[in-house]
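Each residue of the sequence shown is one higher than the last, beginning at 9 in my numbering. Report on the structure given below.
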Amino acid sequence: MFKGNKQRQIVTAIDVGTTKICTIIAERIEDGNILILGHGTVSSVGALSKAIVENVDLASSAIISSVNEAQNMAGIPAQNVYVGVTGAHIEFENRLDNLDLSDEITNQDNVITTENIASVPTQISQDLDYKNRQILHALPMSYQVDETSDIVTPVGMHTGNLAVKSHVVTIAPEPAQKLQTALNLAGINDFQLVLEPMASARSVLTRKEMREGVILADIGGGTTDIIEIKGRRLRYTAAIPVAGQQFTNDIVQIHNTNYESAEKAKLEVGTTNIEGIKLSETVDMPVTGQDGVNQKIQRISICKLLQERAEDLALLIKLKIREMGYEDPNEASLVLTGGASNLDGLTHIVSSLATSKVRLGVPTELINIPEEFVHPSKATSLGILLWASDSFETIATQEKSFIQKMANLYFSKINQFLKILKIK
9 MFKGNKQRQI VTAIDVGTTK ICTIIAERIE DGNILILGHG TVSSVGALSK AIVENVDLAS
69 SAIISSVNEA QNMAGIPAQN VYVGVTGAHI EFENRLDNLD LSDEITNQDN VITTENIASV
129 PTQISQDLDY KNRQILHALP MSYQVDETSD IVTPVGMHTG NLAVKSHVVT IAPEPAQKLQ
189 TALNLAGIND FQLVLEPMAS ARSVLTRKEM REGVILADIG GGTTDIIEIK GRRLRYTAAI
249 PVAGQQFTND IVQIHNTNYE SAEKAKLEVG TTNIEGIKLS ETVDMPVTGQ DGVNQKIQRI
309 SICKLLQERA EDLALLIKLK IREMGYEDPN EASLVLTGGA SNLDGLTHIV SSLATSKVRL
369 GVPTELINIP EEFVHPSKAT SLGILLWASD SFETIATQEK SFIQKMANLY FSKINQFLKI
429 LKIK
């Protein structure tokens with residue numbers, strides 16, 4: 009990765025998806041807003057399967073093309089690179105661990121400070137032992153101070169014992185290694201990984217939703233990624249191996265045609281609402297293995313396949329909602345996003361079969377983005393970008409905390425010195 013520019017806060021997001029790879033280079037400007045400088049999107053079909061790199065060479069080639077397009081448009085190299093990761097290999101665990109802050113809490117009254125809490129994710133990651141798995145995120149959910157539990161912010165409290173309930177997200181080593189190899193072959197050696205549905209949540213969910221409780225279903229090309237957020241804390245993570253590519257593959261297999269034609273038909277004439285479709289409506293599609301031979305497929309036949317697959321997906325989402333502890337799935341608020349979520353009629357089917365409170369999520373927070381980016385398919389890419397942008401605030405906060413800590417230490421030494429003089 010290219011070194012960052014001290015004068016300009018440049019961030020880069022790379023969304024390595026099953027059907028496409030999208031790179032965005034942007035500049036973080038005033039008030040945390042971002043200005044998109046360049047972007048590039050290329051096909052990744054054949055390089056990944058269900059969000060996992062299968063062909064490293066094809067994946068690295070697609071990444072190179074995507075990054076080059078973005079760099080050429082931006083006129084600057086990619087910097088501060090964040091890469092999205094997902095797949096069925098993603099696992100999570102909610103756990104409670106005691107924290108050793110003996111070296112951190114140095115004040116006489118054992119008061120928990122902002123610095124103590126800022127160090128929690130790092131300490132969790134260092135202390136936990138997940139054999140054969142890599143920790144992607146270790147996110148605090150709540151704290152327990154002595155015998156009092158479910159504390160959101162323990163700063164300022166006195167304690168002899170501090171424990172943290174955390175949501176730990178891990179990834180399998182082989183998919184992670186393949187992704188890293190593809191990125192390295194593309195010349196990207198310094199990067200941070202971000203769980204894609206968390207990134208998507210950053211771009212499409214409102215603060216009220218994250219505070220009161222919401223479920224996000226990010227329907228991409230290879231997987232549907234699901235997370236639950238409540239009290240602005242991540243509580244549940246899962247991936248369903250059913251998404252946009254499976255919708256398209258149904259058309260390919262049933263109608264003996266190629267993927268490109270099936271995808272085009274899905275996007276141009278596809279809907280899950282078959283009411284009103286006339287039997288006379290047809291779509292010309294090539295026959296696999298017969299050059300120059302086309303067939304006329306009834307549109308209603310294509311749409312019935314989409315309807316059936318949508319119903320399957322809705323029931324799988326409902327199953328995940330129940331796993332979160334909802335006895336009545338209709339109590340859950342659900343936001344659909346991702347490219348495949350834009351399929352006509354899908355939101356209605358999900359509201360009928362999974363939960364009645366459903367909306368379509370599009371990026372809303374960014375004010376400087378081109379109109380083409382205000383679309384569910386850009387939720388992950390823009391979310392990764394926002395995640396990268398937020399890292400500057402984290403670094404600034406850490407630097408401020410360090411400076412404050414050193415200042416406190418400095419004035420403490422002065423006070424001690426003055427007391428010694430007074431005694432004398």
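Ideal Cβ placement from N, Cα and C applies to all residues, glycine included.
| query | result |
| --- | --- |
| Proximal residues to alanine 96 (C-beta, below 7 Å), its chain only, five neighbours per side dropped | Lys58, Thr231, Ala247 and Pro249 |
| Close beta carbons around arginine 16, own chain, < 7 Å, minus the five adjacent residues each side | Glu35 |
| Cβ shell of leucine 43 (< 7 Å), same chain only, five flanking positions each side left out | Ala34, Glu35, Ile37 and Asn376 |
| Between the CA atoms of valine 64 and leucine 187 - distance to the nearest angstrom | 8 Å |
| Residues bridged to alanine 55 (per DSSP) | According to DSSP, alanine 55 bridges with nothing at all. |
| Backbone secondary structure at serine 309 - three-state DSSP | helix |
| Where valine 370 falls: helix, strand or coil (DSSP) | coil |
| Buried or exposed by the 16-neighbour rule on C-beta atoms within 10 Å, applied to threonine 279 | buried |
| Contact under 8 Å by Cβ, valine 176 with isoleucine 125 | no |
| Proximity below 8 Å, CB of threonine 94 to CB of leucine 203 | yes |
| C-alpha gap between serine 73 and isoleucine 143, whole angstroms | 29 Å |
| Contact check, leucine 242 vs isoleucine 235, beta carbons under 8 Å | yes |
| Of the residues Lys238, Pro129 and Glu380, the one placed nearest glycine 333, counting alpha carbons only | Lys238 |
| Which listed residue (Asn118, Asn140, Arg141 and Tyr151) has its alpha carbon closest to that of proline 129 | Tyr151 |
| Valine 24 to cysteine 30 span [Cα, whole Å] | 7 Å |
| Buried/exposed call for proline 183, threshold 16 Cβ in 10 Å | buried |
| Residues bridged to threonine 156 [DSSP beta-bridge criterion] | Val153 |
| Beta carbon of alanine 322 nearer than 8 Å to that of isoleucine 282 | no |
| Closer than 7 Å: asparagine 350 CB and nearest the ligand FAD heavy atom | Absence of the ligand FAD from the depicted structure is noted, as is the absence of any ligand whatsoever, leaving it without description. |
| Cβ distance (whole Å) where leucine 66 is taken to contact glycine 54 below 8 Å | 6 Å |
| Between the CA atoms of arginine 141 and proline 181 - distance to the nearest angstrom | 6 Å |
| Nonlocal neighbours in the same chain, by C-beta distance under 7 Å from phenylalanine 410, ignoring five residues either side | The predicted position of phenylalanine 410 is uncertain, since its pLDDT is 39 and thus under 50; no value can be drawn from it. |
| Proximity of threonine 26 and serine 52 at Cβ, strictly below 8 Å | yes |
| Continuous alpha helix (DSSP H) stretch holding aspartate 233: start and end | No alpha helix (DSSP H) holds aspartate 233; the beta strand (DSSP E) holding it covers 232 to 238. |
| From Thr296, Glu62 and Ser349, residue whose alpha carbon lies closest to that of arginine 317 | Ser349 |
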